[in-house]
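Participant:
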Amino acid sequence: MLTMAEMKTSLNIVWHGGVTGNGTLKAEYLDTKVAIPTSFGGSGNGADPKELLVSSAATCFIATLTYMLDSRKLPVVEHTINSEVMISEDGFNITHYPQIILSADATEAQIQSAQRAIEGADKGCEVGNLLKKAGVIIEVQGKVSLK
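1 is the number of the first residue of the sequence shown in UniProt numbering; add one for each residue after it.
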């Protein structure tokens, strides 16, 4: 039996067509095309492994942030995240750009709480923490505004 800290997930990839082909990745709630990037001689006709890795980190971050914002009962109108990856000989860097829009009547304390939630989501995201242990540098440049 798995504990709350443990999780098991399964996925399947079926590949067609060699290097210039592509595959279909399927999991319980995921069904997407995957491919080798054109820069490596592939078709580029699908998500590449680096995109999937950054997608996982960004999804974990925003899910953790959502939980924190909800538990603080903040007047969130919308929250989004854009993420970028920079890969070089020096390493693998991910920068998340979360944006939280609070209702116009939000207090200064609520704005500060939302800002702290951004910092907390960075520390609490399990996927991000695993990547950091592997040497990936993850930076967060968040913004809180009112609408």
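Note that CB positions come from ideal geometry on N, CA and C, so glycine has one too. Since the model is a prediction, treat every value here as computed from it, not as a measurement.
Exposed or buried, which one is residue 57 when buried takes at least 16 other CB atoms within 10 Å?
Facilitator: In the sequence shown, counting from the first residue as 1, residue 57 sits at position 57. Under this definition residue 57 is a buried residue.
Participant: Measuring CB to CB, does residue 75 end up less than 8 angstroms from residue 117?
Facilitator: Locating residue 75 in the sequence shown gives position 75, counting from the first residue. Locating residue 117 in the sequence shown gives position 117, counting from the first residue. In this structure, residue 117 does not lie closer than 8 angstroms to residue 75 by Cβ.
Participant: Please name the residue, chosen from 91, 24 and 115, that lies closest to residue 12 on a Cα-to-Cα basis.
Facilitator: Mapped onto the sequence shown, residue 12 falls at position 12. Comparing Cα positions, the closest option is 24.
Participant: Kindly indicate the opening and closing residues of the alpha helix (DSSP H) around residue 120.
Facilitator: Walking along the sequence shown from the start, residue 120 turns up at place 120. From DSSP, the alpha helix (DSSP H) with residue 120 extends over 108 to 124.
Participant: With distances taken between CB atoms, is the gap from residue 131 to residue 138 smaller than 8 angstroms?
Facilitator: As a first step, residue 131 is located in the sequence shown; it is residue number 131 there, counting from the start. As a first step, residue 138 is located in the sequence shown; it is residue number 138 there, counting from the start. Between residue 131 and residue 138, the C-beta spacing is below 8 angstroms.
Participant: Grab me the residues of residue 4's own chain with a C-beta within less than 7 angstroms of its C-beta, minus the 5 sequence neighbours each way, in chain order.
Facilitator: Locating residue 4 in the sequence shown gives position 4, where the first residue counts as 1. Here residue 4 scores only 49 on pLDDT, less than 50, and its place in the model should not be relied on; the value that follows carries that caveat. Answer for residue 4: no residue qualifies.
Participant: Measure the C-alpha to C-alpha separation of residue 81 and residue 26 and round it to an integer number of angstroms.
Facilitator: For the purposes of this step, residue 81 is taken as the residue at position 81 of the sequence shown. For the purposes of this step, residue 26 is taken as the residue at position 26 of the sequence shown. The alpha-carbon atoms of residue 81 and residue 26 are separated by roughly 24 angstroms.
Participant: Give the secondary structure of residue 129 by DSSP, where H, G and I count as helix, E and B as strand, and everything else as coil.
Facilitator: On the sequence shown, position 129 is the one that residue 129 refers to. The answer is helix: DSSP assigns residue 129 an H, G or I state.
Participant: Could you give the distance in angstroms between the alpha-carbon of residue 147 and the alpha-carbon of residue 30?
Facilitator: Stepping through the sequence shown from its first residue, residue 147 is reached at position 147. Stepping through the sequence shown from its first residue, residue 30 is reached at position 30. Cα to Cα, residue 147 sits roughly 33 angstroms from residue 30.
Participant: By alpha-carbon positions, which one of 22, 64, 72 and 37 ends up nearest to residue 112?
Facilitator: Reading the sequence shown from its first residue, position 112 is the one you call residue 112. Nearest C-alpha to residue 112 among 22, 64, 72 and 37: 72.
Participant: In chain order, which alpha helix (DSSP H) runs of at least 4 residues are fully inside the segment 18 to 71?
Facilitator: 49 to 71
Participant: Please go through the same chain and pick out, in chain order, the residues whose beta-carbon is closer than 7 angstroms to the beta-carbon of residue 91, but skip the five residues on each side of it.
Facilitator: The residue you call residue 91 lines up with position 91 of the sequence shown. Closer than 7 angstroms at the Cβ level, and outside the excluded window around residue 91, lie 135 and 137.
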